[in-house]
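Numbering (my numbering), first residue to last: 45 to 752.
By construction, the Cβ of each residue, glycine as well, lies at the ideal position given by its N, Cα and C atoms.
Reviewing the structure listed below.
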Ligand code: FE2
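Here it is, written out as structure tokens:
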């Protein structure tokens, strides 16, 4: 659709330029004077195309005004469209803006939405301006415009701060960051954990960071809403114990996935117990064991399974693995429905057997060895062994949710996002790379703080570590968090897991990391040709400094950089941010219902203390140790909600917002997408032969950001 805008007059700066031009021509002779005269009288036309995002409520009925700003001057601030014109969602509308003189190279636009009667918000995607000489300028926006206010948007080519030569652009850049620092402020949620975005209410979050109306409707982030959708309201006020496994099964049948069904059928099996330490919802707790810790006195001459080799020999061969939950030792436990709850701090020993299965061979439920702390073996009675494994799974549930899910993905992603908004202008290449990985993180974390870990939060009320335990555990988790543990190649090497067979989290995760690393390297090397450019980028250094201070609480021992010295360091860190916000979060988030929907496979709490002797457990005592009905139902509803697929979910390969406008980065985006597609096909092929497919790191299912 094309509309004719009113002719626009040159501004005083343009007039001054024309006079100077005339003076220069006078000095340089008659021929030059003629060229200048022609220029002074030449009208310039610009084809302006405005794109509105295709999203509910993205359009506006308000009037839209634009100013084009070039190196030689600015257009007038003119209205787009002669009569009433609507910018509908998904629309692309073209207008002609006429100036009495050429504006030179275009630098930025001012965009304003004016509403006389109806004041609504508008979400433009981008503005393209084609000059009369055919040159196309693209101005990425992807930003909600609210109220009657002028907003400026730079032309899309990325520019580093020290590369700015235009005085006006330097000023504009500074103003943008000043405004962003007012809008995005740090707040302390609790001492000892990463800082968060300052927001008193959900509505006080910036519009760009809030869920659209459709997601609000679909999501309705409350356990009560989830209960209603699952049809479980009738179960939710029952604080009784479970009478039979059949009763648990009846509840579980309210929602079944193909994986949760597999879990329900195989949860008692040792091979599947071990499998989950590699490919379950928490693949972060297992490591190769070269020396048995003295606190876990398993006889080194023990033989197990079908092997005739001793534990010592198998350890020397590299076949022994350990999960040590020492971080849970002494954590104060919750009281649920008036009853004290319990949390083990177990040690689990695994043997990789001749069938390449990760078999649990010994479990000790408390850290301090002693006669009241027996070591359980697969040769013990069925329920002694099952109960020991279930205490481990309950400990794993608590540590997974608070450390590996909440802290290491949700809370870190928020730190990366807030620092990004405060320190990097939209024209910065790192902003352009990472902004899509921050989508809705501030909102989901606001909800998580209020509905999961607040005084009335579900995790506070219905997990063993709820209440004071949450803070202790988060505090300890922060202390255990290192830079290397956030970078999957380093983490896998440090845990000695490079050659463990059938470890799909590692296989897919490393491939994804490498694809991301190549992409980030190619893009950032295009803008940072030399290390000195990284060192001289004050905005970039501020970004990492705020992450170090507010995310890692100035703990040098974490290994997190406080500043970037080389391009390689920057590339690795940005890859880690990208991986953490997308792949890692999906790996530890998307399997929650699959693995916890069947409660006995991951109880959020245990009602009895870990057994101090063997031979006492049976089915009845097992059932009475599991969480009560209400706890089971509410946790089940919460994990179901956390795995809900919303219709506006964005995946790793999707670049809905085109922040890069130069040919090279745009080409690299297509290479990145091609590599992701190739990996997705490889994973699909591999999964076809698996009894239980591992899909969490299939790029076509990896969500771009921590948004749920
Ligand atoms: Fe999550």
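Could you have a look at residue i and say whether DSSP puts it in helix, strand or coil?
i           : result
residue 458 : helix
residue 152 : strand
residue 130 : coil
residue 333 : coil
residue 591 : helix
residue 68  : Low confidence applies here, because residue 68 scores a pLDDT of 44, under 50, leaving its location unreliable; read the following figure in that light. Of the three classes helix, strand and coil, the one that applies to residue 68 here is helix, per DSSP.
residue 699 : coil
residue 547 : coil
residue 650 : strand
residue 319 : helix
residue 236 : coil
residue 808 : Outside the modelled stretch of the chain, which goes from 45 to 752, sits residue 808, for which no answer is possible.
residue 208 : coil
residue 727 : helix
residue 389 : coil
residue 580 : coil
residue 381 : coil
residue 404 : strand
residue 741 : coil
residue 341 : coil
residue 417 : strand
residue 563 : helix
residue 667 : helix
Within the same chain, show all residues whose beta-carbon is closer than 6 Å to that of residue i, passing over the 5 residues directly before and after it, in chain order.
i           : result
residue 640 : 646 and 683
residue 204 : 581
residue 369 : 389, 390 and 439
residue 385 : 377, 378, 508 and 649
residue 413 : 339 and 341
Residue i to residue j, Cα distance in whole Å?
i           : j           : result
residue 599 : residue 116 : 50 Å
residue 604 : residue 367 : 25 Å
residue 328 : residue 391 : 14 Å
residue 144 : residue 87  : 4 Å
residue 346 : residue 312 : 23 Å
residue 437 : residue 373 : 15 Å
residue 92  : residue 194 : 17 Å
residue 794 : residue 129 : No statement about residue 794 is possible, as the shown extent of the chain runs from 45 to 752 and does not include it.
residue 738 : residue 545 : 14 Å
residue 610 : residue 561 : 15 Å
residue 428 : residue 661 : 5 Å
residue 284 : residue 673 : 6 Å
residue 491 : residue 353 : 52 Å
residue 612 : residue 371 : 33 Å
residue 596 : residue 505 : 28 Å
Should residue i and residue j be called a contact, given that it needs their Cβ atoms to be closer than 7 Å?
i           : j           : result
residue 27  : residue 189 : Here the chain has residues from 45 to 752 only, and residue 27 is not among them.
residue 124 : residue 139 : yes
residue 170 : residue 95  : yes
residue 606 : residue 592 : yes
residue 153 : residue 197 : yes
residue 502 : residue 678 : yes
residue 481 : residue 749 : yes
residue 217 : residue 469 : yes
residue 559 : residue 663 : no
residue 182 : residue 159 : no
CB-CB under 7 Å to residue i, same chain, minus the five flanking residues each way: which ones, in chain order?
i           : result
residue 402 : 318, 319, 321, 322, 365, 394 and 396
residue 797 : Shown here, the chain extends from 45 to 752; a query on residue 797 therefore has no answer.
residue 375 : 387, 509, 513, 516 and 517
residue 644 : 292, 311, 434 and 670
residue 555 : 723
residue 131 : 94, 96, 103, 104, 108, 137 and 166
residue 446 : 509, 514, 517, 518 and 521
Please list, in chain order, all residues of the same chain as residue i whose beta carbon is under 8 Å from its beta carbon, the five residues on each side excluded.
i           : result
residue 745 : 630, 634, 695 and 739
residue 475 : 464, 468, 469 and 703
Cβ of residue i within 6 Å of any heavy atom in the ligand FAD?
i           : result
residue 633 : This structure lacks the ligand FAD; its bound ligands are the ligand FE2.
**Asked** Between the region 490-506 and the region 616-624, do three or more beta carbon pairs fall short of 8 Å?
**Response** With the cut-off at 8 Å, the region 490-506 and the region 616-624 do not touch.
**Request:** Please determine if the region 688-707 and the region 417-432 are in contact, where contact requires at least 3 C-beta pairs separated by less than 8 Å.
**Result:** no
**Asked** Between the region 234-246 and the region 448-466, do three or more beta carbon pairs fall short of 8 Å?
**Response** yes
**contact_flag[the region 629-637, the region 575-591] where n(CB pairs < 8 Å) is 3 or more** = no
**At least 3 beta-carbon pairs within less than 8 Å: the region 732-742 vs the region 435-444** = Touching, no.
**Prompt:** Taking contact to mean at least 3 C-beta pairs separated by less than 8 Å, is the region 124-137 in contact with the region 103-111?
**Reply:** yes
**Asked** Below 8 Å, can you find three or more Cβ-Cβ pairs linking the region 521-535 to the region 442-457?
**Response** yes
**At least 3 beta-carbon pairs within less than 8 Å: the region 655-666 vs the region 704-712** = As far as the Cβ criterion goes, the region 655-666 does not touch the region 704-712, which means the pair count is below three.
**Prompt:** Pairing CB atoms from the region 509-519 with CB atoms from the region 374-386, are three or more of them under 8 Å?
**Reply:** yes
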